[in-house]
Amino acid sequence: DTEVTQTPKHLVMGMTNKKSLKCEQHMGHRAMYWYKQKAKKPPELMFVYSYEKLSINESVPSRFSPECPNSSLLNLHLHALQPEDSALYLCASRPVGEGQVMGYTFGSGTRLTVV
Amino acid sequence: KQEVTQIPAALSVPEGENLVLNCSFTDSAIYNLQWFRQDPGKGLTSLLLIQSSQREQTSGRLNASLDKSSGRSTLYIAASQPGDSATYLCAVRADSWGKLQFGAGTQVVVTP
Chain C
1 DTEVTQTPKH LVMGMTNKKS LKCEQHMGHR AMYWYKQKAK KPPELMFVYS YEKLSINESV
61 PSRFSPECPN SSLLNLHLHA LQPEDSALYL CASRPVGEGQ VMGYTFGSGT RLTVV
Chain U
116 KQEVTQIPAA LSVPEGENLV LNCSFTDSAI YNLQWFRQDP GKGLTSLLLI QSSQREQTSG
176 RLNASLDKSS GRSTLYIAAS QPGDSATYLC AVRADSWGKL QFGAGTQVVV TP
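Residue numbers (my numbering), protein chains in the order written: chain C, 1 to 115; chain U, 116 to 227.
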């Protein structure tokens, strides 16, 4: 398995809803990432997990709450979002240690619309 | 702060022509540089990864070069096809956490 799988592919939520995005990989990658991409813009880093521990939070608002329950799974919990949070949310993973030459693998993303 | 620039922002070529996409970065202290392809509304597909110690990488019709001292990378796509139409992003890894700094991308259209 050489893929990063993200679910759902599309999500529409109201500003008072709570929802979660899911990301899964079975490549043994121990670094996992959440990126946010607005239309016509490059991806911007939100969070970095290394060995299931949060390593970097790029000053992301608390209405976004990441979670890494195990080495294969990464979640992004959403609560009280704003319309400007509508974007494509990308998950990525990367091997650490001996496999560093492999670079990133990205998922296909979740298209989030906040109404 | 690392800044990554891609030129041109958009490119349209007839089928069969070779594509040349440019990427420049301001800080030569990088771990590696990765080229990605993105189709509209989709995720990123990795094309080539060049380590900081390497000069180039090749995969099929794709060739990417890296000149770290001048802060430049070039992606060549030979004999372009309509299926090559997409946005191409270069990204530089500049820290131990693996954070990627992306360029704004080059939108490519290959016309039949």
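Here a beta-carbon is modelled for each residue, glycine too, at the ideal position from N, C-alpha and C.
Source: prediction; values computed, not measured.
Within 8 Å, strictly: CB atoms of residue i and residue j
{"i": "GLN37 (chain C)", "j": "ALA87 (chain C)", "result": "yes"}
{"i": "SER72 (chain C)", "j": "GLN25 (chain C)", "result": "yes"}
{"i": "THR105 (chain C)", "j": "SER161 (chain U)", "result": "yes"}
{"i": "GLY14 (chain C)", "j": "VAL115 (chain C)", "result": "yes"}
{"i": "LEU118 (chain C)", "j": "PHE64 (chain C)", "result": "No statement about residue 118 (chain C) is possible, as the shown extent of chain C runs from 1 to 115 and does not include it."}
{"i": "ARG176 (chain U)", "j": "ALA193 (chain U)", "result": "yes"}
{"i": "VAL119 (chain U)", "j": "GLY218 (chain U)", "result": "yes"}
Residue i: first and last residue of the uninterrupted beta strand (DSSP E) it sits in
{"i": "HIS77 (chain C)", "result": "73-79"}
{"i": "HIS10 (chain C)", "result": "10-13"}
{"i": "GLN25 (chain C)", "result": "18-25"}
{"i": "PRO61 (chain C)", "result": "Here PRO61 (chain C) belongs to no beta strand (DSSP E), and DSSP marks it neither H nor E."}
{"i": "THR120 (chain U)", "result": "119-122"}
{"i": "SER139 (chain U)", "result": "134-140"}
Amino acids of chain C, ordered along the chain, whose beta-carbon sits closer than 7 Å to that of residue i
{"i": "SER185 (chain U)", "result": "The premise fails here: SER185 (chain U) is roughly 22 Å from chain C at the closest Cβ pair, so nothing lies under 7 Å."}
{"i": "ASN147 (chain U)", "result": "GLY103"}
Interface residues of chain U facing residue i [CB-CB closer than 7 Å]
{"i": "SER108 (chain C)", "result": "LYS157, GLY158"}
Residue i: contacting residues in chain C (beta-carbon distance under 8 Å)
{"i": "ALA219 (chain U)", "result": "LYS41, PRO42"}
{"i": "SER161 (chain U)", "result": "GLY103, TYR104, THR105, PHE106"}
For residue j and residue i, believed in contact at Cβ under 8 Å, the rounded distance
{"i": "LEU112 (chain C)", "j": "TYR35 (chain C)", "result": "At roughly 13 Å, the Cβ-Cβ gap does not stay under 8 Å, so LEU112 (chain C) and TYR35 (chain C) are not in contact."}
{"i": "ALA209 (chain U)", "j": "ALA144 (chain U)", "result": "7 Å"}
{"i": "GLU130 (chain U)", "j": "SER195 (chain U)", "result": "6 Å"}
{"i": "THR221 (chain U)", "j": "GLY186 (chain U)", "result": "17 Å between Cβ atoms; not a contact."}
Chain-ordered chain C contacts of residue i [CB-CB under 9 Å]
{"i": "LEU164 (chain U)", "result": "VAL101, MET102, GLY103, TYR104"}
Listed by chain order, chain U residues near residue i by CB distance under 8 Å
{"i": "LEU45 (chain C)", "result": "LYS214, LEU215"}
Practice item. With 8 Å as the limit, tell me which residues of the stretch 48-59 of chain C have their beta carbon closer than that to any beta carbon of chain U; keep them in chain order. Key: Per Cβ criterion, the list reads VAL48, SER50, SER55, ILE56.
Practice item. Give, in chain order, every residue of the stretch 182-215 of chain U whose Cβ lies closer than 7 Å to some Cβ of chain C. Key: Under the 7 Å Cβ criterion, the stretch 182-215 of chain U contributes LEU204, TRP212, GLY213, LYS214, LEU215.
**Study point:** Residues within the stretch 82-98 of chain C neighbouring chain U, beta-carbon criterion of under 9 Å
**Key:** Residues passing the 9 Å Cβ filter: LEU88, LEU90, CYS91, ALA92, ARG94, VAL96.
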